[in-house]
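For the sequence shown, the working numbering assigns the number 250 to the initial residue and increments by one for each residue that follows.
Contents: one structure, followed by commentary.
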Amino acid sequence: MTAGTTWASLAVDMTDITTTPAWQALADHHTTMASVHMRDLFAGDPERFTRFSLTHGDLLLDFSKNRITAATMDRLHDLARAIDVKGRAERMFRGEAINTTENRPVLHVALRNRSNTPIPVGGVDVMPAVNAVLVRMADFATAVHDGRWLGYTGHPIAHIVNIGIGGSDLGPQMAVEALAHRRHPSLDMHFVSNVDGSQMARTLTGLDPARTLFIVASKTFTTEETMTNAASARAWLLAALKDDAAVARHFVAVSTNTRGVNDFGIDTANMFEFWDWVGGRYSLWSAIGLSIMLAVGPNGFFALLDGAHDMDRHFHDAPIERNLPIALALIGIWNANFLGADSHAVIPYDQRLHRLPAFLQQLDMESNGKSVTRDGAAVSAHTGPIVWGEPGTNGQHAFFQLLHQGTRPVPIDFILARESDYRLGRHHSMLVANCLAQSEALMMGKTATEARAELERDGLAGTALERLLPHKVFPGNRPSNTILIDRLDPATLGRLIALYEHKVFVQGAIWGVNSFDQWGVELGKQLARRILGEIEGGPALPHDSSTAALIARVAARNRQR
Ligand code: F6P
């Protein structure tokens, strides 16, 4: 038992959620909802949008286009109460070691705790350290912007290359892209994550070593992809600048591992620290966000933190029935566990959010892609869905066919900014119209009667009409949420990301899993280390026949080169 854990909370931990009366009530309720069509629900209730939408600041969550009624929501709220969602959130905010397999608190909320209320970990308030790193980051970013931080040969920095992977890449990259319209004019931003050398090689092509700053971002500073990329970047730099002393002007590190940074050869004076209570996929708010701060400036970064903190307060304070992250989570549970959806699409109608689906993939799938509960028992309901997506309108011309007429229900989150930062003819009106049209079409569908009338209007009749008719029918009744914001600014982006973080927290709490570890990534890493030696000419090791044959073929063809 970890500090602060009570026997009462352990008892809740050990309850199989599917055996609770709240879950059973939803299962029973599902039978009455199975044949309900949302068309009829909308037709029967002019207040449906008001009833099933929530706002917080400029952010509106419309979840009315889901197959729900007031009775569904009542039961879902009961489910949230049954797992004591508020108590669980409180334990996170208080810094209890809720990541039980790693015996750590989970305190990304401290990184954006702009009200600065003390948050003790092991009896020590973490806020002074959090604030001190923010000040160092801001000083550094300002020095780069002002041209006070110069490269080794006295040139100002023009290119930033963030080297990191997973949470040390996806969050910063997503945010830098999302806030592209706010980017500091003298810097271009690059992100290298893949150990595939093509990414590093292509990124470095065209960069001037004398004006390039590398941020090596790794919580552990042991991740092989990142260490390999960082070593190649250093070699590239030294090949041009020809003095080891140049590293200190062109490399900074972001990590929890001071020794690792030192061993790599980066002066720890150029290291921005964070802490083991920050999960990788929750780390963009920490010094891992240095590239974001460089891109949008300290004030932009602070506004991002402000927005996230605002959502934290909402999540903490708002009642279950008026709580946006809880609503989003409960709708997701309803769609996945009761209506049978096994994936979840995130479709931002904003090209700047093109990395949001990838970011949310890690956030959601690494957090809740688990098959055992916190106490190690097999789960008895499906946990995290497959998360995927692409920006609209592009997706409409690619995979929306399946969303409208395929056999698998895919709940969707549409994300839309009412206002654009780019005034370009009718583009934004068209974007908005398309987004709203898609959720309407998915919900309403088109009946055979409507399709027939349309075909007749087009002059079709007889066999030709009958043959085409089934292809023209849209079943509708396909669930979606729409998240509407005023515009994509740092504070709103902060709110949006925190909304999803807390959604994932709530769902993990309901499924009873530990949303903050990721043991499932280890096995592949172990085996890759073993195979690497064989690929590079080492002795053959025992494998299954498929893997052995593939290794042998690669090795044999390598020898022929
Ligand atoms: O392998 C998965 C993972 O540990 C992620 O959870 C993490 O975000 C990523 O690797 C990168 O880790 P690090 O920041 O320690 O390099």
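Heads up, the beta-carbon is just placed ideally off N, CA and C, and yes, glycines get one too.
Computed from a prediction, not measured in an experiment: that's the story for all the values here.
Is I414 near ligand 1, going by C-beta to nearest heavy atom under 6 Å? Yes, since a heavy atom of ligand 1 falls inside the 6 Å radius drawn around the Cβ of I414.
How about T796: is its C-beta nearer than 7 Å to some C-beta of chain B? Of the protein chains in this structure there is only one, and it is not chain B.
With hydrogens ignored, establish whether the beta-carbon of Q448 is closer than 6 Å to any heavy atom of ligand 1. No, Cβ of Q448 sits at least 6 Å from all heavy atoms of ligand 1.
Whole-angstrom distance between Q422 and Q809, CA atom to CA atom: Q809 and Q422: Cα-Cα distance of roughly 40 Å.
Exposed unless 16 or more other CB atoms sit within 10 angstroms - verdict on W526: By the neighbour-count rule (16 or more Cβ atoms within 10 Å), W526 is buried.
Using the C-alpha atoms, what's the distance from L748 back to N548? Those two C-alpha atoms are separated by around 21 Å.
Beta bridge counterpart(s) of D599 as assigned by DSSP: D599 is not bridged by DSSP to any residue.
Touch check for the region 749 to 764 and the region 619 to 627: three-plus C-beta pairs under 8 Å? With the cut-off at 8 Å, the region 749 to 764 and the region 619 to 627 touch.
CB H326 to CB I569, shorter than 7 Å? Their beta carbons are under 7 Å apart, which means H326 touches I569 by this criterion.
Would you check if the region 584 to 603 and the region 678 to 687 touch, i.e. whether three or more CB-CB distances between them fall below 8 Å? Between the region 678 to 687 and the region 584 to 603, the count of Cβ pairs shorter than 8 Å is three or higher; the stretches touch.
Quick one: Cα of G786 to Cα of T796, how far? For G786 and T796, the gap between their C-alpha atoms comes out near 16 Å.
Classification of K314 by the beta-carbon crowding that lies within 10 angstroms, buried from 16 upward: So K314 counts as buried.
Just the Cα atoms here: how many angstroms apart are T475 and T469? A direct Cα-Cα distance of roughly 10 Å separates T475 from T469.
Taking 7 Å as the threshold (C-beta atoms), are F587 and N574 in contact? Here the sequence assigns Pro to residue 574, which means Asn is not the residue at that position. No, Cβ-Cβ distance for P574 and F587 is not below 7 Å.
For the candidate residues G400, S629 and S729, whose alpha-carbon lies nearest to that of V595? Closest by alpha carbon: S729.
Continuous alpha helix (DSSP H) stretch holding F608: start and end: Taken as a continuous stretch (DSSP letters only), the alpha helix (DSSP H) holding F608 covers L605 to Q610.
Compute the beta-carbon to beta-carbon distance between P354 and V370, rounded to the nearest angstrom, for a pair I have assumed lies under 8 Å. The pair is a contact, with the Cβ atoms about 6 Å apart (cut-off 8 Å).
Once DSSP output is grouped into helix, strand and coil, what is the label at D311? The answer is strand: DSSP assigns D311 an E or B state.
Does the Cβ of Q650 lie closer than 6 Å to at least one heavy atom of ligand 1? Taking the Cβ of Q650 as the reference point, every heavy atom of ligand 1 lies at 6 Å or farther away.
From the DSSP secondary-structure annotation, give me the bridge partner or partners of P405. Answer by DSSP bridge pairing, in chain order: L399.
List the residues that DSSP assigns as beta-bridge partners of S729. Partner(s): I661.
Does the pairing of the region 331 to 349 with the region 703 to 720 give three or more beta-carbon distances under 8 Å? Result no; under three Cβ-Cβ pairs closer than 8 Å.
Proximity of I414 and S442 at Cβ, strictly below 7 Å: In contact: I414 and S442 (Cβ atoms closer than 7 Å).
Check for me: the alpha helix (DSSP H) holding F327 runs from which residue to which? The amino acid occupying residue 327 in the given sequence is Asp; Phe does not appear at that position. Here the alpha helix (DSSP H) through D327 covers A319 to A331.
Could you work out which residue in S535, S467 and W534 is closest to R508 when comparing CA atoms only? The closest CA to that of R508, considering only S535, S467 and W534, is found on S467.
For V444 and N411, I'd like the C-alpha separation in whole angstroms. Linking V444 to N411 through their CA atoms gives a straight-line distance of about 14 Å.
Check whether the region 447 to 465 and the region 497 to 507 are in contact - that is, three or more C-beta pairs closer than 8 Å. With the cut-off at 8 Å, the region 447 to 465 and the region 497 to 507 touch.
Where do the ends of the beta strand (DSSP E) carrying F587 lie? Careful: F587 lies outside any beta strand (DSSP E) and carries neither H nor E.
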